[in-house]
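Number of protein chains: 4
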Amino acid sequence: MNDTSAVKDALRRQQIETPSWAYGNSGTRFKVFAQQGVPRTPQEKIDDAAQVHRFTGVAPTVAVHIPWDRVDDYAALAAHAEDRGVRIGAVNTNVFQDDDYMLGSVTNPDPKIRRKALDHLLECVDIMDAVGSRDLKLWFSDGTNYPGQDDVRARQDRMAEALAAVYERLGDDQRFLLEYKLFEPAFYMTDLPDWGASYAHCLKLGPKAQVVVDTGHHAPGTNIEFIVAFLLREGKLGGFDFNSRFYADDDLMVGAADPFQLFRIMYEVVRGGGYDAETGVAFMLDQCHNIEPKIHGQIRSVMNVQEATAKALLLDRDALRAAQESGDVLEANAVFMDAYNTDVRPLLAELREEMGLHPDPVAAYKASGYFERVVQERKDGQAAGWGA
Amino acid sequence: MNDTSAVKDALRRQQIETPSWAYGNSGTRFKVFAQQGVPRTPQEKIDDAAQVHRFTGVAPTVAVHIPWDRVDDYAALAAHAEDRGVRIGAVNTNVFQDDDYMLGSVTNPDPKIRRKALDHLLECVDIMDAVGSRDLKLWFSDGTNYPGQDDVRARQDRMAEALAAVYERLGDDQRFLLEYKLFEPAFYMTDLPDWGASYAHCLKLGPKAQVVVDTGHHAPGTNIEFIVAFLLREGKLGGFDFNSRFYADDDLMVGAADPFQLFRIMYEVVRGGGYDAETGVAFMLDQCHNIEPKIHGQIRSVMNVQEATAKALLLDRDALRAAQESGDVLEANAVFMDAYNTDVRPLLAELREEMGLHPDPVAAYKASGYFERVVQERKDGQAAGWGA
Amino acid sequence: MNDTSAVKDALRRQQIETPSWAYGNSGTRFKVFAQQGVPRTPQEKIDDAAQVHRFTGVAPTVAVHIPWDRVDDYAALAAHAEDRGVRIGAVNTNVFQDDDYMLGSVTNPDPKIRRKALDHLLECVDIMDAVGSRDLKLWFSDGTNYPGQDDVRARQDRMAEALAAVYERLGDDQRFLLEYKLFEPAFYMTDLPDWGASYAHCLKLGPKAQVVVDTGHHAPGTNIEFIVAFLLREGKLGGFDFNSRFYADDDLMVGAADPFQLFRIMYEVVRGGGYDAETGVAFMLDQCHNIEPKIHGQIRSVMNVQEATAKALLLDRDALRAAQESGDVLEANAVFMDAYNTDVRPLLAELREEMGLHPDPVAAYKASGYFERVVQERKDGQAAGWGA
Amino acid sequence: MNDTSAVKDALRRQQIETPSWAYGNSGTRFKVFAQQGVPRTPQEKIDDAAQVHRFTGVAPTVAVHIPWDRVDDYAALAAHAEDRGVRIGAVNTNVFQDDDYMLGSVTNPDPKIRRKALDHLLECVDIMDAVGSRDLKLWFSDGTNYPGQDDVRARQDRMAEALAAVYERLGDDQRFLLEYKLFEPAFYMTDLPDWGASYAHCLKLGPKAQVVVDTGHHAPGTNIEFIVAFLLREGKLGGFDFNSRFYADDDLMVGAADPFQLFRIMYEVVRGGGYDAETGVAFMLDQCHNIEPKIHGQIRSVMNVQEATAKALLLDRDALRAAQESGDVLEANAVFMDAYNTDVRPLLAELREEMGLHPDPVAAYKASGYFERVVQERKDGQAAGWGA
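Chains as they are written, first to last, in full-length UniProt numbering: chain A, 1 to 388; chain B, 1 to 388; chain C, 1 to 388; chain D, 1 to 388.
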């Protein structure tokens, strides 16, 4: 796809979902640093997300998180979003913040707690119905901290049972995206620690169960783009939770730690057909702006994904294939690196102007005065965070 | 299974397979240090393996590796083994040591090389027929060193095609065990890097395709016993290549680096029914005695597996279940650790005497004079190694 | 030191310090699960620590953490401890929980914030004077999340300046223990990421600056016992923050994740003279009992350290030296493993009875009714945690 | 240093040393794949190195490795190099490929073997004298595979003794560069596993002992640029062995696995004054072209270092400092990323033309016919490799 106008067309269609919780305060177990201008309500989070779309043009949806974004009237929340020029995207479940979940939610040894957790998941499907959402995101913190603490296999049985119940409840145009994570907050064994475990569960359930790849949830050295290529081949890649990390699940801005890795991932997405709208691969951000301004951080993140995508689209795939087939290691790598080394910022600036946007989203956002305004408006009340 | 005599019965039935190549010289890319008394032929390797069985009583089979153990008459080789009191176990394939395989074997971009590799795999099934072997072990070094070097997805297509052809060729009582490995010798992407990839391929092929877990082939932090429990639940655990590591695929003696991990693995095997003969889980060693004497090293390794198994069998599963179900984290962990902290060496010494063996296999082996004899007998000729 | 009575004498003298914060609530960024019976004041934390000493006999001191244990009258706090049969040990500083420290404390680009942080450190030396403490524990969360965020080298200059100021303030019988940590909460660069950095700073300052090894603060694969041996050889090992981990800084109970590693560490301590009282190596616990009862968890942890120490002391060092010097790899390893595989629980039970204690500290603690009592007594008020 | 002509001047002065062994065959423990046109003698390796300099203009020296490059007349070898337009750089020692070194070289428990190893190191200083070399590179594979195998501390004593003897022997204008490595070929404990250990030894000896950073020798997650900045601040950074890795010591082409990391390293070099000639930081490649053509691979590697250096030099340090000092996380990171995202290939092409070189070194090398010629000329004889 070397034709610049075709590349631009593809980039124009891109949709990157931002998460409502990225606009609230976040931190580590050591400290949540309070920031200025942080939204206090789900509506204000959506307002902030709308700014990201306003200046980038490619972030039309915002994911919500229940109960952090619990409201009485979800239809009204959806209308609020539309009013701001965006839509509600995935509904994210939360079965990790109740004292009952200390030893697990859907895999808890106690059946009453499992039932409570399942009820929450099903409630989230109700909310999907109300807001018109396609994707239910399932992340389970379930696991154990000590060898012997609970029965590894029994927990899989319980996991399978809960997933089947959720699957059953999904509507025709709905699906769930099943996340996996190596560790944290469980420190010995996580019930869904890797893509293989999520894949195996999804495979048994059917096409509405898909795997979601959070780019910060792997063991050191894991080749994430391999997983992407493999899942696309199997028709089981539901989407991404994008972020970046140097160490563990650091939740830094996507592309900040290893921009070359992000490019390799986007290349496999394009290569495997995952960029085509009909495959339904969801491109979502899931980050924590612990020390940087949040809206600005989201804009930068969206731009990072755009840049990696542009490079992946520009790659000369015919030349690459020719070099690969002839076994020319250095030439194949050179074609690959040529795309990566291209400075795509001018192309993206041009594209934005064609889309009626400012070529520099960060500058435009800063000039808009939005941040200064919300710092004033949101002085009082309780800033949103992971707890609320 | 707290009844000591039942534990002993179970331990008496244990079968740990040693690999012919462990008796030859091995090393790192930096140096293969030559040792004394190293076998020069497949027959001499079997002679050494027979010593391990002679003193431990639980190592009745020896795995062969083709072409390192290529002979003209495989039936004669099998007879030689029987003559020494052992049998030939798994047949290990080798598609990584021919100059043709520089860019891969079954996933090579060149179809002629893929064909050559497949022919070797099929030849190994012929050898299985000749020696009466049940298990074909498939390890592929296939992968790439540089991003872009080859097409990740096309290589999966080629892998699937080769595996299907091998599967087709298997006899009714034969199966293949598909290994995975994170890296080495491929340094960017390995075509089967993790259990999920091996599992997905095996699942499509059917019950004669099973996953084998090499305990040194994972990313740092991987919870191996989880994989064991998961695969047993899926009926897809074919067996183990046991060894241990502090860093990468160090191939140290099993249990040397993390004896607690080995215990946890053996516990999940017992818990998941993998110790029952009918599940067909193969317990194989795959190690490199780079700096230690090889027969002695194998005896020690077999003993390490025995000790971990004994502890796993002794674990008070009723007490564990009760603690787990009541959510008593510390009590459950304590029951687990009690089994691990038990010194099972006296029990095993007793068992050996009941089996007509010396209670201390290492002392008995040293006293036998075998090593001194082969040092003399094998002075001339070419010591066996990975290359031959 | 194979003489059992000598080993017992050594074990009788052991002193393991427990941390006041281990008795309060802790958790991950996802959730702090509230437990029952948690202390509400520094005094109640000391009460709980005294229970650990009461039943183990080897935990006579408790570390405090400022500001979590801030009181008006430190002499009174010290008297309270003595009244309960324990003493106050190390004073732990905290320059990571004020909003001012978002971009660092002593390495913050803003000199006013650096001054504030330094003032806190100096205040902690005042508290040491008041409670009669020898050790000041310095852990800095300082670092950066993004490449370019701050100047790596300038931050070292600022670190050196702060450390020098603290060193200068120390009394003749006081010292500071300088901690290092690979990551968390900083996710790109930590200002003191490894033992080399702490060592280099301490070396320049003099003998009252010592390195403390937190066993959970290393990169995957790091050989911690090497660091212990190296620092002891250099006279720079100040002590330990014991805990264990499978992944990152999981802060599990010491010995829970890798008991063999704990044994290897204790062996190097004994080998390097670090167990002799005059070397001043401090054995401290630093753990988070996120899901298990806290006092019980501390007792178990103390016992784990005791068991590893007993094994290290029992090791036949003459036999080990002989095997090492003759280059007998397997014999040397066998001597090492013999000590590890010994079940030292009977020896420790015997020792406890000789010390007038119950042979089973956990059973004795459970039978004491202490937990049930504090659950009642501490129903109201604010449970202590990392924030208070 | 935003002034393009100043940047070009700096780039013109760059000197990147290539290693003689990169031109010979290399591989993994599984297989050394033979390539065509591989040199058979030290002289031919120098011929190949000269090609890299010919087309890049910044690779004027070639490191030698003893005994792989052992010749009778070192003065003649130096003259041969000069004749080809290059010079001999660092002398690399090898005390890992003799059967005597199975349990170590300078830290071997056997004093006779230690003496033998030391003699080799001293012989290498003789060679330095003969070829006019400034740098002696010391890498020790010394370590142990099993806990207890040898005494950790005694090995440090032996290491210190050997290093002191070598230091003593160095001429006034000579120095040694002391390498460290986490693991391989030692799999439990390496005697110099990290920068801290090398640094501590070098510090005691004096200014002629410097640390060398091999970019592939660290634990996962290690922040290498931190080490670079720290060592430069201490005046102890002797140089680099450049290569790249996704997993362990993969020895891929520098910049191939993580080009952003290479940029960050080069930025810290520039920031810390390490790019100034007087600091004496040596920029060396140490790679294994297992599957790619070797001369071509070296050219590409040199270009990768050049590109990272150009970006580091172009970084707007005033803007960076301003953002850092004001605590503007996102702006500081943006300035940093702007430099990285710049496509410096046009600038480097321009520079090459100014230097009288072809703008595209790879194309020029391919067009030269050199490879085709040596494939013919070197058909017979024994290709050079790690063993010879």
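Positions of the beta carbon are idealized from the N, C-alpha and C atoms, including for glycine.
Computed from a prediction, not measured in an experiment: that's the story for all the values here.
Locate the beta strand (DSSP E) running through Met-284 of chain A, then write down its first and last residues. The count along the first sequence starts at 1 and reaches residue 284 of chain A at position 284. Segment 282-285, the beta strand (DSSP E) holding Met-284 of chain A.
Between Met-159 of chain C and Val-131 of chain C, what straight-line distance do the alpha-carbon atoms span, to the nearest angstrom? Here residue 159 of chain C is taken as the residue at index 159 of the third sequence, counted from 1. Here residue 131 of chain C is taken as the residue at index 131 of the third sequence, counted from 1. The alpha-carbon atoms of Met-159 of chain C and Val-131 of chain C are separated by roughly 27 angstroms.
Secondary structure at Ile-265 of chain C, three-state DSSP: helix, strand or coil? Locating residue 265 of chain C in the third sequence gives position 265, where the first residue counts as 1. Ile-265 of chain C falls in the helix class under three-state DSSP.
Round the Cβ separation of Ala-50 of chain A and Arg-84 of chain A to the nearest angstrom and send it over; I've been treating them as touching at under 8 angstroms. Within the first sequence, the letter at position 50 stands for residue 50 of chain A. Within the first sequence, the letter at position 84 stands for residue 84 of chain A. So it is a contact: roughly 4 angstroms between Cβ atoms.
CB-CB length for Asp-343 of chain A against Thr-342 of chain D, believed under 8 angstroms: Here residue 343 of chain A is taken as the residue at index 343 of the first sequence, counted from 1. Here residue 342 of chain D is taken as the residue at index 342 of the fourth sequence, counted from 1. Their Cβ separation, rounded to whole angstroms, is 6 angstroms, which keeps Asp-343 of chain A and Thr-342 of chain D in contact under 8 angstroms.
Using the beta-carbon of each residue, which ones in chain A are nearer than 7 angstroms to Gly-195 of chain B? On the second sequence, position 195 is the one that residue 195 of chain B refers to. Note on residue identity: the sequence assigns Trp, not Gly, to residue 195 of chain B. Neighbours of Trp-195 of chain B on chain A, chain order: Gly-196.
Please check the pair His-266 of chain A and Ala-308 of chain A, which I expect to be a contact at CB under 8 angstroms, by giving their CB distance rounded to whole angstroms. In the first sequence, counting from the first residue as 1, residue 266 of chain A sits at position 266. In the first sequence, counting from the first residue as 1, residue 308 of chain A sits at position 308. The sequence shown places Met at residue 266 of chain A, rather than the His named in the question. That pair is a contact at about 4 angstroms.
Any beta carbon from chain D within less than 8 angstroms of Thr-279 of chain C's own beta carbon? Counting from one through the third sequence, the residue named residue 279 of chain C turns up at place 279. Not one chain D Cβ lies under 8 angstroms of Thr-279 of chain C.
Within the segment 109-163 of chain B, note down every full beta strand (DSSP E) run reaching 3 residues or more, in order along the chain. 135-138
Same chain, Cβ closer than 8 angstroms to Val-213 of chain D, five either side skipped, listed in chain order: Residue mapping note: residue 213 of chain D aligns to position 213 of the fourth sequence, counting from 1. Here the set comprises Trp-195, Ile-224, Ile-227, Val-228, Leu-231, Leu-237, Gly-239, Phe-240, Asp-241.
Which chain B residues sit within Cβ distance under 9 angstroms of Glu-184 of chain D? Mapped onto the fourth sequence, residue 184 of chain D falls at position 184. Going along chain B in sequence order, the residues near Glu-184 of chain D (Cβ under 9 angstroms) are Thr-28, Arg-29, Phe-30, Tyr-247, Ala-248, Asp-250.
When the Cα atoms are used, what is the spatial distance from residue 459 of chain C to Asp-126 of chain A? Residue 459 of chain C is absent from the model: chain C starts at 1 and stops at 388.
CA-CA distance, Val-302 of chain A and Cys-124 of chain D? The count along the first sequence starts at 1 and reaches residue 302 of chain A at position 302. The count along the fourth sequence starts at 1 and reaches residue 124 of chain D at position 124. If I take the Cα positions, the gap works out to 55 angstroms.
So with Cβ pairs under 8 angstroms, would you call Gln-210 of chain B a contact of chain A? The residue given as residue 210 of chain B occupies position 210 in the second sequence. No - not a single Cβ of chain A is within 8 angstroms of the one on Gln-210 of chain B.
Under 7 angstroms by beta carbon: chain D residues contacting Leu-330 of chain A: Indexing the first sequence from 1 puts residue 330 of chain A at position 330. Within 7 angstroms Cβ-Cβ: Glu-292, Pro-293, His-296, Gly-297, Arg-300.
For the beta strand (DSSP E) that contains Gln-210 of chain B, what are its first and last residues? The sequence position of residue 210 of chain B within the second sequence is 210, counting from 1. In the DSSP annotation of this structure, the continuous segment of the beta strand (DSSP E) that includes Gln-210 of chain B starts and ends at 209-214.
Element boundaries [beta strand (DSSP E), containing Arg-175 of chain C]: The sequence position of residue 175 of chain C within the third sequence is 175, counting from 1. For Arg-175 of chain C, the enclosing beta strand (DSSP E) starts and ends at 175-179.
Below 8 angstroms, how does it come out for the segment 58-69 of chain C and the segment 128-145 of chain A: are there three or more Cβ pairs, yes or no? no
Between the CA atoms of Gln-261 of chain C and Phe-283 of chain B - distance to the nearest angstrom: Numbered from its first residue, the second sequence carries residue 283 of chain B at position 283. Numbered from its first residue, the third sequence carries residue 261 of chain C at position 261. Taking the straight line joining both Cα atoms gives about 26 angstroms.
If you measure from the CB of Lys-137 of chain C, is any heavy atom of the ligand SAH nearer than 7 angstroms? In terms of ligand content, the structure shown is empty, and the ligand SAH therefore cannot be addressed.
With a threshold of 8 angstroms, are at least 3 pairs of Cβ atoms found where one atom belongs to the segment 267-282 of chain D and the other to the segment 205-219 of chain B? no
Is residue 392 of chain C helix, strand or coil by DSSP? The requested residue 392 of chain C is not part of the displayed model; chain C covers only 1 to 388.
Look at Glu-184 of chain C and Ala-117 of chain C and say whether their C-beta atoms are less than 8 angstroms apart. Your numbering for residue 184 of chain C matches position 184 in the third sequence. Your numbering for residue 117 of chain C matches position 117 in the third sequence. Result no, Cβ atoms of Glu-184 of chain C and Ala-117 of chain C do not sit closer than 8 angstroms.
Flag Asp-99 of chain D as yes if its beta-carbon sits less than 8 angstroms from any beta-carbon of chain B, otherwise no. As a first step, residue 99 of chain D is located in the fourth sequence; it is residue number 99 there, counting from the start. True, the Cβ-Cβ gap to chain B drops below 8 angstroms.
For Asn-145 of chain B, would you say it is in contact with chain D, using Cβ-to-Cβ distances shorter than 8 angstroms as the test? By one-based count along the second sequence, residue 145 of chain B stands at place 145. Answer yes: the Cβ-Cβ gap between Asn-145 of chain B and chain D drops below 8 angstroms somewhere.
Alpha carbon to alpha carbon, how far is Asn-25 of chain B from Arg-40 of chain B? The sequence position of residue 25 of chain B within the second sequence is 25, counting from 1. The sequence position of residue 40 of chain B within the second sequence is 40, counting from 1. Counting only the Cα atoms, Arg-40 of chain B lies some 10 angstroms from Asn-25 of chain B.
Could you tell me which whole beta strand (DSSP E) segments of length 3 or greater appear in the segment 6-91 of chain C? If we require 3 residues or more, the beta strand (DSSP E) runs fully inside the segment 6-91 of chain C come out as 16-19, 61-65.
Whose Cβ in chain A lies nearer than 8 angstroms to the Cβ of Tyr-74 of chain C? Position 74 of the third sequence, counting from 1, holds the residue named residue 74 of chain C. Neighbours of Tyr-74 of chain C on chain A: none; closest Cβ ~25 angstroms, over 8 angstroms.
Taking the C-alpha atoms as reference points, what is the distance between Asp-172 of chain D and Ser-198 of chain D? Here residue 172 of chain D is taken as the residue at index 172 of the fourth sequence, counted from 1. Here residue 198 of chain D is taken as the residue at index 198 of the fourth sequence, counted from 1. The straight-line gap from Cα to Cα measures roughly 21 angstroms.
Helix, strand or coil for Leu-182 of chain D? Go by DSSP, reduced to three states. If you number the fourth sequence from 1, residue 182 of chain D lands on position 182. Residue state, collapsed to three classes: coil.
Going by beta carbon distance, what residues of the same chain come within less than 7 angstroms of Arg-264 of chain C, once the five residues before and after it are set aside? Position 264 of the third sequence, counted from the first residue, corresponds to residue 264 of chain C. Excluding positions up to five away in sequence, the list reads Glu-225.
Residues of chain C with CB closer than 7 angstroms to the CB of Pro-259 of chain B, please, in chain order. The count along the second sequence starts at 1 and reaches residue 259 of chain B at position 259. Within chain C, the residues near Pro-259 of chain B are Phe-260.
In the DSSP assignment, the alpha helix (DSSP H) including Asp-318 of chain C goes from what residue to what residue? By one-based count along the third sequence, residue 318 of chain C stands at place 318. Segment 317-325, the alpha helix (DSSP H) holding Asp-318 of chain C.
Pick out whichever of D:Arg-87, D:Thr-190, D:Leu-170, D:Arg-321 has its Cα sitting closest to the Cα of Tyr-146 of chain D. The count along the fourth sequence starts at 1 and reaches residue 146 of chain D at position 146. Among D:Arg-87, D:Thr-190, D:Leu-170, D:Arg-321, the Cα nearest to that of Tyr-146 of chain D belongs to D:Thr-190.
Would Lys-181 of chain B be called buried (16 or more neighbouring beta carbons within 10 Å of its own) or exposed? The count along the second sequence starts at 1 and reaches residue 181 of chain B at position 181. So Lys-181 of chain B counts as buried.
Considering only residues of the same chain and omitting the five flanking positions on each side of Phe-187 of chain B, which have a CB-CB separation below 6 angstroms? For this step, residue 187 of chain B is matched to residue 187 along the second sequence. Excluding sequence neighbours, Phe-187 of chain B sits near Asn-145.
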